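According to the working numbering, the stretch in the sequence shown is residues 75 to 159, in order.
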Amino acid sequence: MPVMDAVVAVLKSEGVDTAFGCPGAAILPLYKALEADGAIEHLIVRHEEGATHMADGWARTNGNVGVAIGTSGPAGTNMITGLDT
Numbered sequence: 075m076p077v078m079d080a081v082v083a084v085l086k087s088e089g090v091d092t093a094f095g096c097p098g099a100a101i102l103p104l105y106k107a108l109e110a111d112g113a114i115e116h117l118i119v120r121h122e123e124g125a126t127h128m129a130d131g132w133a134r135t136n137g138n139v140g141v142a143i144g145t146s147g148p149a150g151t152n153m154i155t156g157l158d159t
């Protein structure tokens with residue numbers, strides 16, 4: 075099983091049905107696996123920080139795991155504020 079397929083399987087086993095993120099070159103294999111599986115809805119955001127706040131709000135309102143996806147590089151620092159909430 076390819077690694078990204080395993081990531082999707084773990085997310086599904088944790089009850090994840092929605093993820094928020096901003097596609098980028100380094101994370102495209104995960105997006106490909108998400109699309110191929112089709113069980114997790116992905117909502118594209120304009121900025122990675124927004125993805126983290128959306129995932130946080132999602133988790134707080136429904137009790138499920140909130141997932142924010144970002145690529146390498148600046149996305150990591152852009153996600154810090156939302157991850158700290």
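A virtual CB, placed ideally from N, CA and C, is assigned to each residue, including glycine.
Nothing here was measured: the structure is a model prediction, and the numbers come from that model.
Item                                                                                                                                      : Value
In angstroms, rounded to a whole number, what distance separates the CA positions of residue 154 and residue 137?                         : 22 angstroms
Would you decide whether residue 143 is buried or exposed? Buried here means 16 or more other CB atoms lie within 10 Å of its CB.         : buried
Less than 8 angstroms between the CB atoms is what I'm expecting for residue 128 and residue 119, so what's the real figure, rounded?     : 7 angstroms
Give me the DSSP bridge partner(s) of residue 116.                                                                                        : 93
One question on the structure: do residue 78 and residue 103 come within less than 8 angstroms of each other, judged by their Cβ atoms?   : yes
Here's the rule: buried if 16 or more other CB atoms are within 10 angstroms of the residue's CB, otherwise exposed. What is residue 123? : buried
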